[in-house]
Every structure is written in C-alpha cells, then in structure tokens.
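**Q** Attaching a single structure in structure tokens format; questions to follow.
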Amino acid sequence: MMIVRAALAALLIVPTFAGAQESTPPTTTVAKPSFWQKVGGAVKDTGHRITQEISNPGSTKGDAFRPLSPGASELIGMFPQETAGTDGAGKILWPRVALTAEVWGEHQECWTFRARIWTDEATNHVERFEICKSSPVKVTNDIGQVGYAEPNRMMFATINGAMAVYTRPTTGAQGTEGPNPPDNLFVRRVPESLQQAQVPFLGRLLMVTGFESHISGANHSARMWLAGYEPSGNRG
C-alpha cells in the first residue's frame, strides 16, 4: 500500500515541475555587431573628426591671414586668377598694393603688415593684417569647396624673381609705398637671412590675394610689392 502511494505522489510532482519550467520567460539573445558595422562606425567617427580638423585647422594656430583693420579684408581675392593674363600684359593698372612690414623678425611666427592700397594715382587707404608662417591658408576652388593649403617651393622661387616687366614708371631698386612699384617686387636690400625669412609670409599672402597667378609663368604683373621694413619693428 505504501508503494502505491509513493508512485501516485511521484506522478503528481512531475506535472507541477513541468508547469514551472514552461512559465520561465525565454532568454533574449542580443546580436553582436558585424565586422562591417564596426568598420562603418569607425569610418563615420573618423570622418567627423577629420571634418572638425579641416574646419578648425591647427587649433592653436588658426588661419594664416588675420585682418587687423575693422571689417572684412579687401585683400582677400583682390587679384582674381581669370584676370592674370590681362594684368600681366600691363592692361590693368589698379588697384595696387604696397606692403610694409611693421612688426617682424627672423625668428617670429607671425608678422604684422601695413598694406597701402592705391585705387588710382592719387587715392589710397591703409589696411593692416597679421600673417603667420606655419599656418594654413583657407582657399576655395572653382566649385566652391573650401580647404586649406600652403605655398610650395616653386612659389618661393617666384617671389624672389618677380619683376616689374611691363609697368613704367618704377622706383628702381628702392621700394616705396607707391603709387609706383620697384623693379624687383619683393627683394629689398636687407640681410640674406631676412630675405629668406620673409618668403613663407609673402608666399601665404600671394595665395590670400590671388597674386600668385599674376607673377607666374608668362604673367608679370607689378600691382603688389614689398615697400620695406619698419626699423623699429624688429623683434628678432
């Protein structure tokens, strides 16, 4: 009799245990990201970072050209590339720009310039700006894309060889603030070390103004030149 009761008890326990198992909620499995999902996320993050770097190049340096005069700078894009041929043939006379280094030095990162801008033989005004030799220049291409660039070695050679080929009269070897240019646009009678130190600054300025295309190849415009240096501006 006791054996029969034990068997009945076992039969009662089994259904109850099975019912408890069925009431347990199913386990949810989280799918791991695939290799391509991981790569895609990394590319997206990298693209965002690169965009930020392009938008804010050299975060501790900023752009190479920094206007000091109030308002937008007139010098930016003053010499459009499409007018280089006409300008180089001496058919465009104005405006002209005479540059004077106000704060400078062979070992200085940034120089301050005074630009005397001539709109005709009797009318001029002054604009001041700072330009830094290790910073990039903001440039816009023909389809409106904005990026950053720096002068190349060929531009450095162009600076030292830029001459007033078609423009007359000139002031000869002496650079002045205008309205007429000297024979050699950017080479003044200064120590050779200073002559070399000025090239990174002037190279960036040529890019900012667009004058690089007006003194390269067959183009020999003389509408921008270096007048000289303020003696009191030397910072070493």
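Residue numbers (this note's numbering): 693 to 928.
Backbone N, C-alpha and C define an ideal beta-carbon position, used for all residues, glycine too.
This one's a predicted model, so the numbers in the text were calculated from it and none came from an experiment.
#1: Can you tell me whether Val-696 is buried or exposed, with buried defined as 16 or more other CB within 10 angstroms of its CB?
#2: Please list the terminal residues of the continuous beta strand (DSSP E) segment that includes Gly-920.
#3: Could you check which residue in Thr-832, Ile-835, Glu-801 and Val-838 has the C-alpha nearest to that of Ile-823?
#4: Just reading off the alpha helix (DSSP H) that Thr-792 is part of, what are its end residues?
#5: With burial defined as no fewer than 16 other Cβ atoms inside 10 Å of the residue's Cβ, what is the status of Gly-902: buried or exposed?
#6: Tell me which residue opens and which closes the beta strand (DSSP E) that Asn-816 is part of.
#7: Name the one or two DSSP bridge partners that Met-855 has.
#8: Mind reading off the beta-carbon distance from Thr-792 to Phe-771? Whole number of angstroms is fine, and I expect it under 8 Å.
#9: Gly-867: buried (16+ other C-beta within 10 angstroms of its C-beta) or exposed?
#10: Taking three-plus beta-carbon pairs below 8 Å as touching, is the region 888-905 in contact with the region 847-867?
#11: Quick one: is Trp-917 buried, meaning 16 or more other Cβ sit within 10 Å of its Cβ, or exposed?
#12: If the criterion is Cβ atoms closer than 8 Å, does the pair Leu-760 and Arg-808 meet it?
#13: By alpha-carbon positions, which one of Pro-843, Val-789 and Asn-911 ends up nearest to Pro-873?
**A** Put simply:
#1: Model confidence at Val-696 stands at a pLDDT of 43, short of 50, so the residue's coordinates are unreliable; what they give is reported in the following sentence. Label assigned to Val-696: exposed.
#2: 916-921
#3: Glu-801
#4: Per DSSP, Thr-792 belongs to no alpha helix (DSSP H); it is in the beta strand (DSSP E), 788-795.
#5: So Gly-902 counts as buried.
#6: 816-824
#7: Asn-876
#8: That pair is no contact at about 19 Å.
#9: With 16 or more other Cβ atoms inside 10 Å of its own Cβ, Gly-867 counts as buried.
#10: yes
#11: buried
#12: no
#13: Val-789
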